[in-house]
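For reference, the structure discussed in these notes is given below.
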Amino acid sequence: MKTKFPVILITAYTAFIIFSLAFGYQPGKDIGTNFLSFTLSMLKILPGAFILIGLFQVWVSRERVEKHLGENSSIMSFLWVLLLAGTTVGGLYVAFPVAWALHEKGARLQVVLAYVGFAAVCRIPMIIFEASFMGVKFTLVRLLVSIPLVVISSVLLGRYLKAGNWKMISPD
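Numbers in this note's numbering are just positions in the sequence shown, counted from 1, shifted up by 522.
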């Protein structure tokens, strides 16, 4: 039953889109168009991102990651992941695989959690877009509030999970 549900769901979705196209049901056509647009934009970003993640896995040594982002790293580790997350292209679709790669290379859990948080709120393209529409003052206030909150929440959540012997399991 577990494997049949996704097949049924995909079949129902496809049938709904075909029905919408055949009978001119505009909301269904819009859903199909949005899905196609989203899929094409993901196909433009993800292959290159996964190639870069693969190169990171091969070229960057575990010792280097542990030195800067590992258990014995300083508060600077949060600045390093802030800079890395700020340059991440592709949003959280790319941030989660990068976070996994960082974890696999020995980054401490708090730093991995901070990376995901920073990737959600501190990407440079998003900051530029936000500043152009909301204003520089608003953007600076949001960043000055968001960055410390991401660090504090990642440290607290990391400590809580570590105290509970939480382990990240492999997606294999």
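C-beta: ideal position from N, C-alpha, C; glycine also.
Leaving aside the five residues that flank A629 on each side, the residues in its chain whose CB is nearer than 7 Å to its CB run, in chain order, V587, L591, G592. Note on geometry: alpha-carbon atoms of A641 and A537 lie some 36 Å from one another. Going by DSSP, T536 is part of the alpha helix (DSSP H) stretching over 526-545. The C-beta distance from I669 to G608 rounds to 11 Å, too long to fall under 8 Å, and the pair is not in contact.
V582 sits in coil when the DSSP states are folded into three classes, being neither helix nor strand. Apart from sequence neighbours up to five positions away, the residues of its chain that approach F578 with a beta-carbon distance below 7 Å are A623, ordered along the chain. Beyond the five residues adjoining it in sequence on each side, L606 comes within less than 7 Å, by CB distance, of Y637 in the same chain, given in chain order. Between the C-alpha atoms of S596 and L665 there is a straight-line separation of about 22 Å. For S563, the closest of K589, V582, L531, G612 by C-alpha to C-alpha distance is G612.
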